[in-house]
Every structure is written in C-alpha cells, then in structure tokens.
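For the working numbering, add 837 to where a residue sits in the sequence shown, where the first one is 1. Don't be surprised by glycine CBs; every beta carbon is placed ideally from N, CA and C. All figures in this text were calculated on a predicted structure; none of them were measured in a lab. Contents: one structure, followed by commentary.
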Amino acid sequence: MDERTALVTGSTSGIGREVAMGLLEEGYTVLVTGRRHLLLESFLEEAGKKKGKAISHVADLSSDEGIRSLIRKGQAELPHIDILVNNAGGFVFAPIERLSDKDYETLMSVNLRAPFLLSQAFLPEMKKRGSGLIVNISSVAGTEAWEGSSLYSMTKFALRGLTGSLLAEGAPHGVKALAICPGYVATPMVSGAPVPEVEMIQTSDILKTIRYVRDLSRYAVSPEILLNRLGAFS
Ligand SMILES: NC(=O)c1ccc[n+]([C@@H]2O[C@H](COP(=O)([O-])OP(=O)(O)OC[C@H]3O[C@@H](n4cnc5c(N)ncnc54)[C@H](OP(=O)(O)O)[C@@H]3O)[C@@H](O)[C@H]2O)c1
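Rendered as structure tokens:
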C-alpha cells in the first residue's frame, strides 16, 4: 500500500497535537509544525512509539517566509499529501478599537493566509492523484459573531468560504474539503474560559470528525461540520 501522509499545522499543542498523534497511530507519515521547537522535539520523542513517522519543521505562520518554508518542507519531505489539516490559529478577543495593526496582520496570516497558500500548494497534486482531504479548523465564531470577535470571526468565516471553494474544485477529482466549526474545545487556547474543561468538546472529538469524513465514500461530501458543546444549548 502507498505511504499515507499528512501535514498538520499547529501540532505543538491542543487539537493539532491530538490529530497528528492520531494519524501517526494509524501509520501515517506526518509533518508536524509550530513555532515552539522544544514542543516539537517532545512530540518527536512520543511519536517514536507510534506506528507512523513524524517529521518536524519549525515555522512561524505569521510571516510569508514561514508559510513558504513549510510548503517547501512538505514538498521536499513527503511524496504527496493525503490529509492537510490547517489547524494553527491565533485568537484575539477585544473591541475593534483595541485591535492593533499587528493583531490584524498576525491573525490574517496565521488563520487565513497560511491555509490559503498551503491549500494552493497541495490541492493540485491531490487532484492529480484523485484523492485527498483538506481540513480547515474554523469555529462557531466562524458561523456567528459577538462583541469582541470581529477579527477572529472574520478569519473563521473566511475559512468556510475557502473550504466551500476547495470542495467545489476538488470534489470532481476525488478530493474532499471540510471546515470544522467547534465551540469550546479543551485546549490551552481557552484555558481562561468560563466553562469547565470536562464540559468542553474534547480534542479527540475533532480527530474522530476528521476520520469520519475521510472514511466516507468519495461521493459523500460535507463542506462543514458544526460541533457545539451541550452547554451551548441549555
Ligand atoms: N480551543 C477552542 O475552543 C477552539 C474552538 C474553535 C476553534 N479553535 C481553533 O482550533 C485551532 C487550534 O487551536 P487549539 O485550541 O488547539 O489551541 P492551542 O492549543 O493554543 O494550539 C494552537 C496551535 O497553533 C499554533 N500557532 C499559533 N500561532 C502560530 C504561528 N504564528 N505560527 C505557527 N503556528 C502557530 C501553535 O503552535 P506554536 O505556539 O508552537 O507556534 C499551536 O500548536 C485554532 O485554529 C483555533 O482557532 C479552537
């Protein structure tokens, strides 16, 4: 069987770490990445006990060069990419007048430009091979907006637009695209949230969602999955 491969951004922590580890357990070769090299080193150590193989690359996706270096690494180290998970993300919640130009540039780059450029780089090869899956981690904040969510919501709404188009371009060639829009997921990103961790969505739920859509037949496509926690409805 062909080597199965994945690139998971933001794999030093939270959702990305869980997804990358889960794919390694299945035997994938996974390119993991983030800014924190010590966390990548400890990831590689743990990955050594899994079935698949991990390759790491330190990159800051807030810069164009960081994004391009990751693309180059993927093209150089992986024969192809079966699953691209655009997961890395930053988060700023503040009234619009308190957001700085730097907040804007950083979030637009990490949350949006990186997924756009990575998809642009790897979709053509997936189409040629006739298979693949691009997952964009959006948010419930990409389906509704609140006070203070302007910048974060902009990026997460836009990711859903990107996903819809990737699916329209990819599906006729056997390539799927999926936006996952979760509410609170128990990760360091929301450690200050007014909800106990046990009542949050678990990172394993995101991994299961990716596996579920991956394993559907190529004719069963889903552009997005909204995954809210029970408490959001009570
Ligand atoms: N947790 C939630 O409740 C929730 C809900 C909905 C959506 N999401 C989305 O889920 C995704 C993952 O978040 P998480 O909850 O797992 O948070 P997390 O544990 O804080 O992880 C965020 C990841 O993104 C990476 N990252 C952040 N800025 C980066 C940069 N400039 N360059 C490269 N990598 C960068 C981090 O790596 P380094 O720090 O090592 O660079 C880290 O691996 C995000 O897109 C987030 O918006 C989270």
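From the options, residue whose alpha carbon lies closest to that of residue i
i	options	result
glycine 871	Gly864, Ala857, Ala1030, Asn1065	Ala857
alanine 913	Ala1008, Val947, Ile892	Ile892
arginine 950	Asp897, Lys964, Phe930	Asp897
glutamate 862	Arg1048, Gly985, Ile971	Arg1048
glutamate 1034	Thr1046, Lys1045, Ile904, Gly1020	Gly1020
glycine 903	Asp938, Asp839, Thr943, Glu962	Thr943
glycine 851	Leu877, Ile920, Thr842	Leu877
glycine 853	Asp938, Trp983, Gly927	Gly927
glutamate 962	His917, Ala1023, Gly1029	His917
threonine 1046	Val922, Glu883, Ser900	Val922
Contacting residues, own chain, Cβ-Cβ under 6 Å from residue i (five flanking each side not counted)
i	result
serine 987	Ile933
leucine 936	Leu988
leucine 970	Ile920, Lys1013, Arg1051
serine 975	Lys993, Leu996, Arg997, Ala1016, Cys1018
Exposed unless 16 or more other CB atoms sit within 10 angstroms - verdict on residue i
i	result
alanine 958	buried
proline 1025	exposed
serine 1002	exposed
aspartate 1052	exposed
leucine 915	buried
histidine 894	buried
serine 879	exposed
proline 952	buried
alanine 1005	exposed
glutamate 1061	buried
Cβ distance (whole Å) where residue i is taken to contact residue j below 8 Å
i	j	result
threonine 1040	glutamate 855	4 Å
glycine 889	tyrosine 865	5 Å
glycine 847	asparagine 924	4 Å
valine 1050	lysine 1013	6 Å
valine 977	isoleucine 1017	Going by Cβ atoms, the distance from valine 977 to isoleucine 1017 rounds to 10 Å, so no, they are not a contact pair.
leucine 954	isoleucine 908	7 Å
7 Å Cβ shell around residue i - same chain, five flanking residues per side excluded
i	result
arginine 873	Thr849
alanine 1008	Val1058
glycine 985	Phe930, Ala931, Pro932
leucine 881	Ala891, Ser893
Can you give, in chain order, each stretch of the alpha helix (DSSP H) that sits fully within the region 890-947 and has at least 4 residues?
901-914, 938-944
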